[in-house]
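What follows is one structure encoded as structure tokens, with my remarks underneath.
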Amino acid sequence: PAALQVDGWAEFRQRSGSTSRVVAIGEIGTADGFRANALRLHLNPLRLDLLRSFAPDLPIDGTIGGTITVNGSTASRFAAALDLVVNDRTGRSHLTGNAAVVPGTEPRFDVDLRARALSLATVGAFAPGAGLRGSASGTVGARGTTGAFTFAADLALADGGGALSANGNVLRGGPGNGG
Numbered sequence: 002p003a004a005l006q007v008d009g010w011a012e013f014r015q016r017s018g019s020t021s022r023v024v025a026i027g028e029i030g031t032a033d034g035f036r037a038n039a040l041r042l043h044l045n046p047l048r049l050d051l052l053r054s055f056a057p058d059l060p061i062d063g064t065i066g067g068t069i070t071v072n073g074s075t076a077s078r079f080a081a082a083l084d085l086v087v088n089d090r091t092g093r094s095h096l097t098g099n100a101a102v103v104p105g106t107e108p109r110f111d112v113d114l115r116a117r118a119l120s121l122a123t124v125g126a127f128a129p130g131a132g133l134r135g136s137a138s139g140t141v142g143a144r145g146t147t148g149a150f151t152f153a154a155d156l157a158l159a160d161g162g163g164a165l166s167a168n169g170n171v172l173r174g175g176p177g178n179g180g
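Heads up: the sequence shown runs through residues 2 to 180, numbered per our numbering.
Written as structure tokens, this is what we have:
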């Protein structure tokens with residue numbers, strides 16, 4: 002069949018003893034590549050160490066819980082609405098918003114998130130030299146490709162720490178950038 006209604010769950014148990022559980026409800030299909038229609042994924046939770054085989058340098062541990070609703074196909078565009086909580090040894094983050102990816106030889110992305118709580122130490126794990134700590138809330142967005150993208154952030158720092166607003170362009174691998 003071109004489409005399959007899904008209503009089930011999968012549990013992933015690792016040798017380390019950690020268990021991840023994902024519940025999926027919605028429609029998937031293979032016409033014109035993989036596609037999803039109102040596919041709701043409930044992460045109950047997803048342990049980040051499970052992702053190590055795909056991203057061995059992932060600098061955070063812990064879990065991701067919450068819901069992602071996916072629509073689209075590998076032939077055109079995937080869009081997701083998300084409500085996720087990341088719990089890591091560095092802190093807790095709660096993110097809601099929308100993300101989209103246009104597949105291709107150089108995939109394009111468009112992400113708009115509201116950080117209801119954002120652990121800056123968790124963000125800092127990706128850039129250890131920044132020395133980030135504490136927490137913040139606000140909006141974060143990025144769009145482009147992994148090689149060239151724009152970003153914007155408007156965050157209120159917790160405990161009266163002020164605000165952080167930033168926007169810019171990132172070009173990876175270009176002249177003068179090691180490329």
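Where a beta carbon is used, it is the ideal one built from N, C-alpha and C, also for glycine.
Validate contact between the region 142-157 and the region 124-131 using beta carbons, cut 8 Å, 3 pairs: no
According to DSSP, N45 sits in a beta bridge with which residue or residues? Answer is none; N45 lacks a bridge partner.
Distance between G130 and A153 (C-alpha atoms, nearest Å): 20 Å
Could you spell out the range, first to last residue, of the alpha helix (DSSP H) harbouring L121? L121 to G125
Could you name the residues that DSSP lists as bridge partners for F150? G145 and V171
Measure the C-alpha to C-alpha separation of R144 and A100 and round it to an integer number of angstroms. 9 Å
Among the residues of its own chain, which have a CB less than 8 Å from the CB of L133, if the five just before and after it don't count? L121, A122, V124 and G125
CB L114 to CB G98, shorter than 8 Å? yes
Could you tell me the distance, in whole angstroms, from the CA atom of V7 to the CA atom of S74? 16 Å
Would you report the Cα separation of R22 and E12, rounded to the nearest angstrom? 4 Å
Could you please give me the residues that DSSP links to I61 through a beta bridge? DSSP lists no bridge partner for I61.
If you draw a straight line from the alpha carbon of V71 to that of A149, how long is it in whole angstroms? 25 Å
Run through the DSSP bridge pairs and tell me what D160 is partnered with. For D160, which the question treats as bridged, DSSP gives no partner whatsoever.
Suppose the cutoff is 8 Å on Cβ atoms and the five residues either side in sequence are ignored; what does the same chain contact list for A116 look like? So the list reads S94, H95, L96, A137, S138, G139, T140, V141 and L156, once near-sequence residues are dropped.
If contacts are defined as beta-carbon pairs under 8 Å, then V87 and I69 qualify, I think. What distance do you get, rounded to the angstrom? Rounded, the Cβ-Cβ distance is 13 Å, inconsistent with contact.
Which one or two residues does DSSP pair with Q6 in a beta bridge? E28
Determine the extent of the beta strand (DSSP E) in which R93 is found, giving its start and end residues. G92 to V103
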